[in-house]
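Numbering (our numbering), first residue to last: 13 to 308.
Built from N, CA and C at the ideal position, the CB exists for glycine as well.
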Amino acid sequence: MTTELSFRIDAMDDQSRRGPWLNLLRDVFAIDLSAYSALDIWHPGYRAFSYWAGDVIAANVSIRPLPLLMDGQIVPAAQLHAVATRPQWRRRGLFADLMTRVLAYADGRFDRLLLFTAQCDLYRPFGFRHLPQHSFVGFLDAAPDSAAAADCRCLDLADADDRALILALHAARTPVSRDLGLVDNGDIFIANAIARPDWQLRYSPGAHALVVLAEGSGRKRLIDVVAPAWPDAATIAAALDLSATDGEIEILFPPDRLPGDFRALPYTPEDDDHLMIRGPLANEGAAIMLPLTALS
Ligand SMILES: CC(C)(COP(=O)(O)OP(=O)(O)OC[C@H]1O[C@@H](n2cnc3c(N)ncnc32)[C@H](O)[C@@H]1OP(=O)(O)O)[C@@H](O)C(=O)NCCC(=O)NCCS
């Protein structure tokens with residue numbers, strides 16, 4: 013191992029530690045997470061494993077808890093992300109070394125690990141496998157309800173009360189699917205929502221439910237539903253502003269909680285972000301999708 017580098021594990025809930033880490037992501041991925049960082053909602057279990065050259069991070073692999081409902085049971089799971097080595101430090105084994113350390117840390121803490129990547133081959137030697145995802149297209153079986161639609165309002169990420177509401181909804185959320193669903197991902201949800209101004213965050217006060225949607229290729233796209241109690245289909249149709257003349261919708265999670273007639277189609281990630289998993293999954297090969305609000 014290169015002697016001039018020092019290894020560290022950092023929690024990120026202390027804002028003063030994040031600067032070099034934000035710089036690494038800016039320099040390697042051209043991602044600016046400063047607006048998210050300023051909100052100070054980092055998960056306390058987040059850990060950045062890194063090699064430092066002075067006050068600069070040369071290489072990093074991060075792990076964040078991301079519990080999942082899988083096959084009807086909540087399992088301790090975590091997500092690997094922010095995998096980066098600065099160009100001048102590449103091909104020295106830093107990534108491989110950090111992966112080995114992160115996997116040793118995860119052993120006994122998390123039953124499943126997942127990540128999104130455009131480079132699946134990088135992770136196969138570490139026991140990860142690609143999980144092809146599917147979207148679901150069809151008709152939602154719900155009568156349009158114009159009064160419920162008028163009741164919905166759009167949440168504003170710049171508003172502290174709305175952010176607190178989003179976090180509270182996530183802390184108590186019912187997973188979108190019994191097959192594969194997120195349990196408490198408020199931090200990463202907000203990071204994603206900041207980066208996706210095309211997402212609409214519609215909140216139904218009556219149902220105490222947040223419905224995330226976007227306009228897809230000619231169809232309305234249902235991206236996520238975040239609510240302590242799963243809302244009825246009429247509420248979701250109202251949040252989607254569906255009318256009797258609307259055609260099929262596209263759902264980006266397994267629709268086992270939604271009434272309707274849906275077919276699974278292979279899903280091609282917009283940014284080539286393929287889902288990989290490490291650890292067992294019952295019903296492997298079934299049509300699944302993790303909500304895009306977990307992307308990282
Ligand atoms: C991918 C990346 C993290 C690798 O970092 P690194 O510290 O150079 O990796 P290592 O030296 O530990 O390499 C370990 C193994 O990974 C593989 N590997 C490394 N870089 C690779 C690349 N660009 N393409 C394919 N395989 C690669 C090789 O098998 C290598 O083994 P080798 O010694 O036989 O070459 C680094 O190139 C990087 O930051 N790239 C830009 C960001 C990125 O792509 N992140 C990961 C995807 S989300």
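By the criterion of a C-beta distance shorter than 8 Å, residue 277 is surrounded in its chain by 146, 147, 148 and 149, once the five residues flanking it on both sides are discounted. Only residues of its own chain outside the window of five on either side were considered, and among them 214, 215, 216, 250 and 251 have a CB closer than 7 Å to the CB of residue 164, listed in chain order. Minimum Cα-Cα distance from residue 119 among the listed residues 248, 272, 290 and 39 corresponds to 290. At least one heavy atom of ligand 1 sits closer than 7 Å to the Cβ of residue 105. The count of Cβ pairs closer than 8 Å, one atom from the segment 128-147 and one from the segment 160-179, stays below three, leaving the stretches out of contact. Taken from the Cβ of residue 102, at least one heavy atom of ligand 1 lies inside 7 Å.
The C-beta separation of residue 76 from residue 58 comes to about 5 Å, placing the pair in contact by the 8 Å criterion.
Residue range 172-183 is occupied by the alpha helix (DSSP H) that includes residue 182. Assignment of beta-bridge partners to residue 64 by DSSP yields 18 and 69. In the DSSP assignment, residue 273 forms a beta bridge with 151. For residue 108, the shortest C-beta to heavy atom distance toward ligand 1 is below 7 Å. For residue 134, the shortest separation between its Cβ and any heavy atom of ligand 1 lies below 7 Å. In this structure, the C-beta of residue 96 approaches ligand 1 to less than 7 Å from one of its heavy atoms. A distance criterion of 7 Å places the beta-carbon of residue 188 beyond contact range of ligand 1, judged by its closest non-hydrogen atom. In the structure shown, the three-state DSSP call for residue 279 is coil.
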